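J.: Numbering (the numbering used here), first residue to last: 75 to 277. We put the CB at the ideal spot given by N, CA and C, even for glycine. Quantities reported herein were computed from a predicted structural model and do not represent experimental measurements.
Here's what the structure looks like:
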């Protein structure tokens, strides 16, 4: 994992792809936490962001806080979170929690990469406050499994539509749906890589 080392495309909030990288999915409204410890009796939060965008590619996971821009995503300072990236090979014990109350969470143990500014193993927690977590977790798990089974980075795949949260008029639409009389309806039928990536490229 690497802190504040994600290059963004000029004038956008989209990461610059690594060689042979394809971004498969992104999701907004995500809370980020990187914690030390195993949770018993408690964790120490190393870095956190209340809301941002998470990306998953065939090589890695990237998180950008909502306030991060092209000018700030790469920063030598480690006192503030500007960007975060971790290769799939550095994630283990992935879990996807769907609590009865509260937002869905993706959790995993994150192991460090050389020069990544996070020296020790930590626990990554992504909370999907606006939805989209299930698709993200499915893709992340699929990429990790394929890399573990073959020892190779999966090739390019088709990108899924990103999840940007419910539309602004979702409340009105829900109200119309609740008040709708269905009795007359027809029947329905069922560039430069961040630190630590060079050792994961195919040789």
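Residue 140 bridges to which residues according to DSSP?
T.: In the DSSP output, where bridge partners are listed per residue, residue 140 has none listed.
J.: Indicate the three-state DSSP secondary structure (helix, strand or coil) for residue 162 in the structure shown.
T.: Helix, per DSSP.
J.: For residue 207, report the span of its alpha helix (DSSP H) as first-last.
T.: Note, residue 207: alpha helix (DSSP H), 207 to 224.
J.: When we look at the beta-carbon of residue 174 and count the other beta-carbons within 10 Å, is it buried (16 or more) or exposed?
T.: That one is exposed.
J.: Just the Cα atoms here: how many angstroms apart are residue 134 and residue 153?
T.: Residue 134 and residue 153: Cα-Cα distance of roughly 23 Å.
J.: In three-state terms, what does DSSP make of residue 156?
T.: Residue 156: coil per DSSP, three-state reduction.
J.: Tell me which residue opens and which closes the beta strand (DSSP E) that residue 131 is part of.
T.: 118 to 131 is the extent of the beta strand (DSSP E) around residue 131.
J.: Here's the rule: buried if 16 or more other CB atoms are within 10 angstroms of the residue's CB, otherwise exposed. What is residue 145?
T.: Classification of residue 145: exposed, given that the 10 Å Cβ count is below 16.
J.: Exposed or buried, which one is residue 169 when buried takes at least 16 other CB atoms within 10 Å?
T.: When all chains shown are included, residue 169 counts as exposed.
J.: Taking the alpha carbon of residue 149 as the reference point, which residue from 226, 78, 228 and 222 has its own alpha carbon closest?
T.: Comparing Cα-Cα distances from residue 149 to each of 226, 78, 228 and 222, the minimum goes to 78.
J.: Can you check which of these residues, 88, 137, 192 and 162, is closest to residue 123 by C-alpha distance?
T.: Taking only the C-alpha atoms, the option nearest residue 123 is 137.
J.: Which of helix, strand or coil does DSSP assign to residue 80?
T.: In this structure, residue 80 counts as coil in the three-state DSSP scheme.
J.: Looking at the structure shown, is residue 148 part of a helix, part of a strand, or coil, going by DSSP?
T.: Three-state DSSP puts residue 148 in a strand.
J.: Given 7 Å as the limit, tell me if residue 209 has its C-beta closer than that to any heavy atom belonging to the ligand GTP.
T.: Only the bare structure without any ligand can be found here, which leaves the ligand GTP out of the picture.
J.: Within 10 Å of its beta-carbon, does residue 211 have 16 or more other beta-carbons around it, so buried, or fewer, so exposed?
T.: The residue is buried, with at least 16 neighbouring Cβ atoms inside 10 Å.
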